[in-house]
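*Asks:*
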Amino acid sequence: MSRNIIRSFQTSSAAAIQHIGAELSQLRSLNGPDGERWSVSTRTVCEAVERADPRITVADIQGAKAHLSSKDRSDPEQVITVGLKTQGGVRVGTLHVHLSGSFKFFPSRAGREGGYDHNIAQANIPGYLAGDNDPWEKASPAPAKK
Numbered sequence: 024m025s026r027n028i029i030r031s032f033q034t035s036s037a038a039a040i041q042h043i044g045a046e047l048s049q050l051r052s053l054n055g056p057d058g059e060r061w062s063v064s065t066r067t068v069c070e071a072v073e074r075a076d077p078r079i080t081v082a083d084i085q086g087a088k089a090h091l092s093s094k095d096r097s098d099p100e101q102v103i104t105v106g107l108k109t110q111g112g113v114r115v116g117t118l119h120v121h122l123s124g125s126f127k128f129f130p131s132r133a134g135r136e137g138g139y140d141h142n143i144a145q146a147n148i149p150g151y152l153a154g155d156n157d158p159w160e161k162a163s164p165a166p167a168k169k
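Plus 23 on top of the position in the sequence shown (first one is 1) and you've got this note's numbering.
Here it is as structure tokens:
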């Protein structure tokens, strides 16, 4: 078989998003009977976000125990908080992942200016819930696009 034909059957070898902070196994162990679902939801959302914008290469899971958000008081569901960064370490925003697999993305200033928020919003990722600007960002919101 020709090398070109064989090549068409091979999968892409794109690097997967790197998880830092809490480990996915900790999500399983610290969240009781729902631990496996928390782990799967978090991993699935992080991978989908990385596919939506490959510049996002690092997912910093900020605590393994599901919790109510102290920053997004409008969200009544428990969340796992995940900081998103580029390979260069630029923080582009924060995810709040829900047990159901739905999630909100809160872009930082760099996330808004770099178009990360737009790419994620336009990617039709299942479970995406439109969020406000990053509650951790102290800067004023980006001006409305005309």
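Glycine residues also receive a C-beta, built at the ideal position from the N, C-alpha and C atoms.
So T109 packs on T117, CB below 8 Å; how close in whole Å?
*Replies:* So it is not a contact: roughly 14 Å between Cβ atoms.
*Asks:* For V120, report the span of its beta strand (DSSP E) as first-last.
*Replies:* Per DSSP, V120 belongs to the beta strand (DSSP E) from 114 to 120.
*Asks:* Using a 10 Å radius around the Cβ and a threshold of 16 neighbouring Cβ atoms, would you call P77 buried or exposed?
*Replies:* Exposed, since its Cβ has fewer than 16 Cβ neighbours within 10 Å.
*Asks:* Does the beta-carbon of I79 have 16 or more other beta-carbons within 10 angstroms, so that it is buried, or is it exposed?
*Replies:* Under this definition I79 is a buried residue.
*Asks:* Going by C-alpha to C-alpha distance, which of D98, V68, V72 sits closest to G134?
*Replies:* Comparing Cα positions, the closest option is V72.
*Asks:* By how many angstroms is the C-alpha of Q41 removed from the C-alpha of R74?
*Replies:* Between R74 and Q41, the C-alpha separation is close to 13 Å.
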